[in-house]
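*Asks:* Quick one: the structure is below, questions incoming.
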Amino acid sequence: MEILVLVKPVPESESRLRPSPDGRQLDTEGVKFVLAGYDESAVEQALLLKESVPGSKVRAVALGPAARAEEVLRATLALGCDAATLLEAPPGRELDGAETARALALAAAKGPADLILLGKQSGDQETGILPTALAARIGRPGFSNVLDLRWDPGSNRFRFARATEAGEERWEVPAPLVVGLQQAWNDPRTAKLQNILRSRKLPIDRIPAAEVAAALGPAPRESATKFLLPPPRTGAKMIEYGRPEEAAEQLVRILRDTARVLP
Amino acid sequence: MSRGVLAVAESVDGHLAASGREAAAAARSLSEGGTVTGLVLGTALAGPAGELSRAGVDRVLTMEAPALEGRRALPWAAGIAAAAAATSASVVVLPGTAFGRELAGAVGSLWDAPATAGVTEIVGSDAEGIEVARPAFGGRATQRLKLTGPRIVLALRANSVPPAPPAAVPAPIEPIPAPELAAGILAGEPVGFAAAASTGGPELTQAAIVVSGGRGLKAPENFALLEELARSLGAAVGASRAVTDAGWKPSSYQVGQTGKSVAPQLYVAVGISGAIQHLVGMMSSRVIVAINSDPNAPIFRVADFGIVGDLFQIVPALTAEIRRVRGLAEPGRSPGA
Ligand SMILES: Cc1cc2nc3c(=O)[nH]c(=O)nc-3n(C[C@H](O)[C@H](O)[C@H](O)COP(=O)(O)OP(=O)(O)OC[C@H]3O[C@@H](n4cnc5c(N)ncnc54)[C@H](O)[C@@H]3O)c2cc1C
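Keeping their order, the protein sequence lines are chains A and B.
The working numbering runs 58 ahead of the 1-based position in the first sequence.
The working numbering runs 4 ahead of the 1-based position in the second sequence.
Pasting the structure below:
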């Protein structure tokens with residue numbers, strides 16, 4: 059089975075968040091970009107499938123500024139991915155979801171894949187639209203919020219569950235397929251030191267920024283306008299009371315008359 | 005600048021989902037006098053279409069086709085793009101559900117339009133485009149974006165836009181044919197469904213009020229206290245990971261980094277300490293109330309209102325008070341008894 063797993067370099071979860079000098083987006087000065095969140099689970103899922111289906115290959119793909127994307131791809135190689143493709147983001151060009159899908163479709167077009175796997179949303183913007191944007195771009199079935207993805211060699215189909223508000227649907231879909239993975243608890247493995255060292259020397263295929271830019275629309279259609287941090291919470295207004303009934307009365311009065319959140 | 009807007013609604017058990025009413029209300033505010041069209045897709049659409057026709061739209065389109073029955077993003081997106089073209093809509097508003105996000109991506113690509121999802125606020129709108137706000141970084145920040153061009157796709161976040169009051173006169177309902185769908189995008193089929201462990205109330209991510217319990221409840225049977233409180237409020241019940249890890253509640257109840265993200269109007273945290281992994285799943289809630297016996301619990305730093313005390317005393321008092329002000333009877337007693 060040929061698997062493509064798409065990963066996005068995102069700020070380490072411990073990073074301090076602050077607006078850039080122009081106030082439009084996250085200040086990335088000094089921020090470390092890593093493989094994280096649902097993407098990390100997607101890599102683990104790709105490797106689990108590879109281990110269960112002999113002869114499988116996993117190629118990791120990342121789009122971003124070259125240095126950041128390379129770091130993340132080296133991490134996937136150290137974990138056991140067989141190959142990597144780096145799509146260099148055109149510097150300074152903001153991409154909307156449909157354009158990101160166009161760019162990633164370039165990597166998908168380099169060779170046939172039975173499965174294209176992504177995290178259901180990125181660890182930073184968390185928009186969650188890319189799995190189906192890519193599926194629509196390349197004309198293959200696409201499902202997101204997917205749990206428990208398995209390959210059934212007997213029927214040549216993927217079997218998986220998909221989370222909805224009402225419950226879990228079960229699906230069986232033949233390859234090729236695009237999947238946005240919701241699993242965040244498949245206990246991603248950590249790389250061994252010798253594999254980390256080895257991964258530093260492995261080749262990475264590159265699609266240069268000019269080629270990526272040529273796949274995009276003529277002009278950007280999405281731009282960040284403001285990055286806002288919540289006002290520092292001043293702490294709760296504490297309810298002073300003698301008996302529990304008094305606390306309840308006060309709280310209900312506030313919720314009903316001041317905050318207006320009671321039905 | 006007036007524009008045509010298409011609002012897409014989902015249905016649940018033969019009824020219009022609340023998220024569809026919210027999409028209709030957002031579409032109305034974006035139309036600035038233009039036509040708002042509601043769209044339902046699938047099969048057996050008469051019920052949801054009727055409800056949508058009173059949700060503040062100018063007309064309702066029903067796209068009935070067996071291929072649209074399961075919720076598959078690509079066939080639905082093809083239908084939505086066709087309906088947008090037929091109605092000359094320049095904006096598509098999608099519901100604040102997990103599937104709404106899937107649709108945003110697929111419609112964005114098929115319609116070649118910028119798309120975003122999880123929109124909590126429409127900040128502004130002019131001839132160039134629409135500026136929206138959406139939470140990012142697990143609710144630790146808000147990113148505002150401007151989407152521009154002749155076509156724009158937005159999926160809302162649940163509970164961000166108040167639905168319109170029901171219209172006295174229903175809007176007209178018309179069928180619209182489904183477009184030809186490529187066989188490739190219809191490969192595979194649904195083979196089963198397991199309903200989420202019911203909390204007896206609304207679904208967690210869609211509820212306007214969420215009442216969550218933590219390890220402070222001490223034992224699974226004590227969740228009955230919270231469930232009573234939730235019933236008095238018409239709220240969904242959530243839990244911390246300490247609770248789901250201990251098996252007191254199934255993982256579908258879990259709020260937080262590795263559980264569900266919720267952003268209700270009111271979030272009540274009971275016996276929850278407020279670990280960062282819990283906070284990122286509920287920090288975008290409008291009003292947060294914490295009940296905890298430890299005055300130094302970190303949850304009080306993000307709460308708007310706090311009660312320091314024993315939840316086993318406070319919660320029953322709160323339930324009784326809410327029932328009193330809402331005129332609800334205690335269970336097991338007839339009203340006025
Ligand atoms: C990778 C990772 C992911 C995680 N993901 C999540 C997640 O998605 N969601 C999540 O919730 N957690 C998550 N956690 C766990 C998180 O760190 C906390 O351990 C967990 O949230 C604690 O749950 P709790 O507040 O119920 O329990 P505790 O921290 O034990 O708090 C119990 C609280 O109850 C109070 N209390 C006790 N008795 C009473 C009483 N009688 N009346 C009133 N108050 C009382 C105590 O003062 C205390 O504050 C994650 C952790 C990790 C490492």
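All C-beta atoms, glycine included, are put in the ideal place defined by N, C-alpha and C.
Drop a sphere of 10 angstroms on the beta-carbon of B:HIS282, count the other beta-carbons inside from all chains shown, and report buried for 16 or more, exposed for fewer.
*Replies:* Locating residue 282 of chain B in the second sequence gives position 278, counting from the first residue. Its Cβ being crowded by 16 or more others within 10 Å, B:HIS282 is buried.
*Asks:* For ligand 1, any of its heavy atoms closer than 7 Å to the Cβ of A:ASP85?
*Replies:* One-based indexing of the first sequence puts residue 85 of chain A at position 27. Answer for A:ASP85: no, Cβ out of range of ligand 1.
*Asks:* Does the beta-carbon of B:ARG305, which I'm using as the reference point, lie nearer than 7 Å to any heavy atom of ligand 1?
*Replies:* As a first step, residue 305 of chain B is located in the second sequence; it is residue number 301 there, counting from the start. Answer for B:ARG305: no, Cβ out of range of ligand 1.
*Asks:* Under 8 Å, do A:GLY155 and B:GLY112 count as touching if we go by C-beta distance?
*Replies:* The residue labelled residue 155 of chain A in the question sits at position 97 within the first sequence. The residue labelled residue 112 of chain B in the question sits at position 108 within the second sequence. Yes.
*Asks:* Distance check for A:ALA267 and A:LEU153, CA to CA, integer angstroms please.
*Replies:* The count along the first sequence starts at 1 and reaches residue 153 of chain A at position 95. The count along the first sequence starts at 1 and reaches residue 267 of chain A at position 209. Each residue's Cα considered, the two are about 13 Å apart.
*Asks:* Which chain B residues are close to A:PHE368, counting only those with a beta carbon under 7 Å from its beta carbon?
*Replies:* Outside the shown range of chain A, which is 59 to 321, sits residue 368 of chain A, and nothing can be said about it.
*Asks:* Looking at ligand 1, does it come within less than 7 Å of B:ILE276, judged from the CB to the closest heavy atom?
*Replies:* Position 272 of the second sequence holds residue 276 of chain B. True, at least one ligand heavy atom lies under 7 Å from that Cβ.
*Asks:* Would you check whether ligand 1 has a heavy atom nearer than 7 Å to the C-beta of B:THR262?
*Replies:* If you number the second sequence from 1, residue 262 of chain B lands on position 258. Yes, the Cβ of B:THR262 comes within 7 Å of a heavy atom of ligand 1.
*Asks:* Based on the DSSP output, what are the partners of B:GLU193 in its beta bridges?
*Replies:* If you number the second sequence from 1, residue 193 of chain B lands on position 189. DSSP lists A:GLU230 as partners of B:GLU193.
*Asks:* Any beta carbon of chain B sitting closer than 8 Å to that of A:SER257?
*Replies:* Numbered from its first residue, the first sequence carries residue 257 of chain A at position 199. Chain B contact via Cβ: absent.
*Asks:* Among A:THR222, A:VAL204, A:ALA224 and A:GLY225, whose alpha-carbon lies nearest the alpha-carbon of A:PHE216?
*Replies:* Position 158 of the first sequence, counted from the first residue, corresponds to residue 216 of chain A. For the residues A:THR222, A:VAL204, A:ALA224 and A:GLY225, the minimum Cα distance to A:PHE216 belongs to A:VAL204.
*Asks:* So that I know if they touch, is there some Cβ in chain B lying closer than 8 Å to that of A:MET296?
*Replies:* Here residue 296 of chain A corresponds to residue number 238 of the first sequence, with the count starting at 1. Judged by the 8 Å Cβ criterion, A:MET296 is in contact with chain B.
*Asks:* How close, in whole Å, do the beta carbons of A:ARG126 and A:PRO79 come, if the pair is a contact with beta carbons under 8 Å?
*Replies:* Here the question's residue 126 of chain A lines up with position 68 in the first sequence. Here the question's residue 79 of chain A lines up with position 21 in the first sequence. The Cβ separation is near 20 Å, so there is no contact.
*Asks:* Is the Cβ-Cβ distance between B:VAL40 and B:LEU56 less than 8 Å?
*Replies:* Taking the second sequence and counting its residues from 1, the one referred to as residue 40 of chain B is at position 36. Taking the second sequence and counting its residues from 1, the one referred to as residue 56 of chain B is at position 52. Not a contact, by the Cβ cut-off of 8 Å.
*Asks:* Would you say A:ILE297 touches ligand 1, meaning its beta carbon is less than 7 Å from a heavy atom?
*Replies:* Here residue 297 of chain A refers to the residue found at position 239 of the first sequence. No, the Cβ of A:ILE297 stays beyond 7 Å of every heavy atom of ligand 1.
*Asks:* Any C-beta of chain B within less than 7 Å: which residues of the region 62 to 78 of chain A qualify?
*Replies:* So the list reads LEU75, given in the order they occur along the chain.
*Asks:* Run the CB neighbour count on B:GLY188, radius 10 Å, all protein chains shown included, and call it buried at 16 or more, exposed below.
*Replies:* Translated into positions along the second sequence, residue 188 of chain B becomes position 184. Per the 10 Å Cβ criterion, exposed.
*Asks:* Please give me, in chain order, every unbroken run of the beta strand (DSSP E) with length at least 3 that falls completely inside the region 95 to 120 of chain A.
*Replies:* List check, beta strand (DSSP E) in window: nothing returned.
*Asks:* What in chain B is Cβ-close to A:ARG279, meaning under 7 Å?
*Replies:* Along the first sequence, read from residue 1 onward, the residue named residue 279 of chain A stands at position 221. Here the neighbours are PRO118, LEU151, THR152 and GLY153.
*Asks:* By the criterion of Cβ-Cβ separation under 8 Å, what are the contact partners of A:ALA221 in chain B?
*Replies:* Within the first sequence, numbered from 1, the residue matching residue 221 of chain A stands at position 163. ALA102, listed in chain order.
*Asks:* If the cut-off is 8 Å on Cβ atoms, which residues from the region 184 to 213 of chain A count as contacting chain B, listed in chain order?
*Replies:* Cβ contacts with chain B: GLU184, THR185, GLY186, ILE187, LEU188, PRO189, THR190, ALA191, LEU192, ALA193, ALA194, ARG195, GLY197, ARG198, PRO199, GLY200, PHE201, SER202 and ASN203.
*Asks:* Here's a check: name, in chain order, each residue in its chain whose Cβ is nearer than 6 Å to the Cβ of B:PRO167, leaving out the five neighbours to either side.
*Replies:* Within the second sequence, residue 167 of chain B is the residue found at index 163, counting from 1. Closer than 6 Å at the Cβ level, and outside the excluded window around B:PRO167, lie ARG25, GLU26 and ALA29.
*Asks:* Of all the residues that make up the region 245 to 275 of chain B, which are near chain A by a beta-carbon distance shorter than 7 Å?
*Replies:* Cβ contacts with chain A come from THR262, GLN269 and LEU270.
*Asks:* Beta carbons nearer than 7 Å to chain B: which residues of the region 154 to 179 of chain A have them?
*Replies:* Those would be ASP154, GLY155, ALA156 and ALA159, in chain order.
*Asks:* In chain A, which residues lie with their C-beta within 7 Å of the C-beta of B:ALA59?
*Replies:* To locate residue 59 of chain B, count along the second sequence from 1; it is residue 55. The premise fails here: B:ALA59 is roughly 19 Å from chain A at the closest Cβ pair, so nothing lies under 7 Å.
*Asks:* Per DSSP, which residues does B:SER216 bridge with? Please list them.
*Replies:* On the second sequence, position 212 is the one that residue 216 of chain B refers to. B:SER216 is bridged to B:GLY242 and B:ALA273.
*Asks:* Report yes or no: is there a C-beta of chain B within less than 8 Å of the C-beta of A:LEU313?
*Replies:* Looking up residue 313 of chain A in the first sequence gives position 255. Judged by the 8 Å Cβ criterion, A:LEU313 is in contact with chain B.
*Asks:* Less than 8 Å between CB atoms is the rule here; does B:GLU68 satisfy it with respect to chain A?
*Replies:* Walking along the second sequence from the start, residue 68 of chain B turns up at place 64. So, not an interface residue.
*Asks:* By a C-beta neighbour count over all protein chains shown, 10 Å radius and 16 as the cutoff for buried, is B:GLY242 buried or exposed?
*Replies:* Taking the first residue of the second sequence as 1, we reach residue 242 of chain B at position 238. Buried.
*Asks:* For A:PRO302, which residues in chain B fall below 7 Å Cβ to Cβ?
*Replies:* Indexing the first sequence from 1 puts residue 302 of chain A at position 244. Those within 7 Å of A:PRO302 in chain B are GLY313, GLN317, ILE318 and ALA321.
*Asks:* Would you check if the region 223 to 233 of chain A and the region 106 to 125 of chain A touch, i.e. whether three or more CB-CB distances between them fall below 8 Å?
*Replies:* Judged by Cβ distances under 8 Å, the region 106 to 125 of chain A makes no contact with the region 223 to 233 of chain A, as fewer than three pairs qualify.
*Asks:* Please determine, among B:ASP249, B:ASN226, B:GLY313 and B:SER289, the residue with the shortest C-alpha to C-alpha distance to A:PRO302.
*Replies:* Residue mapping note: residue 302 of chain A aligns to position 244 of the first sequence, counting from 1. Of the candidates B:ASP249, B:ASN226, B:GLY313 and B:SER289, the one whose C-alpha sits nearest the C-alpha of A:PRO302 is B:GLY313.
*Asks:* Would you call B:PRO339 buried or exposed, if buried means 16 or more other Cβ atoms sit within 10 Å of its Cβ?
*Replies:* As a working note, residue 339 of chain B is residue 335 in the second sequence. Residue confidence for B:PRO339 is low, a pLDDT of 43 falling below 50, so the modelled location carries little weight and cannot support an answer.
*Asks:* List the residues of chain B that A:ALA282 touches, going by C-beta distances under 9 Å, in chain order.
*Replies:* Along the first sequence, read from residue 1 onward, the residue named residue 282 of chain A stands at position 224. Simply GLN147, ARG148, LEU149 and LYS150.
*Asks:* Are three or more beta carbon pairs between the region 236 to 250 of chain B and the region 258 to 277 of chain B nearer than 8 Å?
*Replies:* Yes, the region 236 to 250 of chain B touches the region 258 to 277 of chain B.
*Asks:* Can you have a look at B:SER6 and say buried or exposed, based on whether 16 or more other CB atoms are within 10 angstroms of its CB?
*Replies:* Residue numbering aside, residue 6 of chain B sits at position 2 when the second sequence is read from its first letter. The residue in question, B:SER6, is exposed, as its Cβ has fewer than 16 Cβ neighbours within 10 Å.
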